[in-house]
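In the working numbering, the protein residues as written are 9 to 135.
These notes are about the structure you will find just below.
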């Protein structure tokens, strides 16, 4: 990638996310994932299935982005395990979106919360 393109990419990241630090970007994605899964469950409780499905789709898209961002070459078992966890979230949201089955959504939220909690600890340690 040329220097000009690198600067453009850096500026675009700064504009979109206000940061170029990948740790902060992942933190924000995990926070969004956690919030969207929680919102999905709240909407289900209130009987707002259309809103729940919109939130589930957003959570699914975030999980997909996080999964694609994994570094399988250097990440080893951690990347492999995170891949499985993000796949679980994808399956849970997919079953709800397509079949109205919310059986796996609570475990998806638990998984998301645990990953987010671990990431918060990591970011706080490094900061």
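Backbone N, C-alpha and C define an ideal beta-carbon position, used for all residues, glycine too.
Just how far apart, CA to CA, sit residue i and residue j?
i	j	result
residue 59	residue 106	14 Å
residue 71	residue 95	8 Å
residue 81	residue 46	32 Å
residue 103	residue 110	7 Å
residue 48	residue 83	30 Å
residue 93	residue 119	7 Å
residue 130	residue 76	20 Å
residue 124	residue 34	9 Å
residue 63	residue 128	23 Å
residue 90	residue 79	10 Å
residue 86	residue 122	14 Å
residue 132	residue 126	10 Å
residue 115	residue 54	19 Å
What does a CB cutoff of less than 6 Å around residue i pick up in its chain, not counting 5 residues either side in sequence?
i	result
residue 67	41, 44, 45 and 101
residue 61	105
Report back the beta-carbon spacing between residue i and residue j to the nearest angstrom; my notes put them in contact at under 8 Å.
i	j	result
residue 134	residue 56	Going by Cβ atoms, the distance from residue 134 to residue 56 rounds to 39 Å, so no, they are not a contact pair.
residue 74	residue 112	Wrong, their Cβ atoms sit about 18 Å apart, outside the cutoff.
Just to confirm my understanding: we take residue i, look at its own chain, exclude 5 residues before and 5 after, and list those with CB closer than 8 Å. What are they?
i	result
residue 108	57
residue 65	101 and 105
residue 51	57, 59, 60 and 63
residue 88	80
Give me, in chain order, the residues of the same chain whose beta-carbon lies closer than 7 Å to that of residue i; leave out the 5 immediate sequence neighbours on both sides.
i	result
residue 98	68, 71 and 72
residue 117	45, 46 and 49
residue 196	Look at the range of the chain in this structure, 9 to 135, and you will see that residue 196 is not part of it.
**OP:** Within the stretch 43–131, note down every full alpha helix (DSSP H) run reaching 4 residues or more, in order along the chain.
**Re:** 57–76 and 80–107
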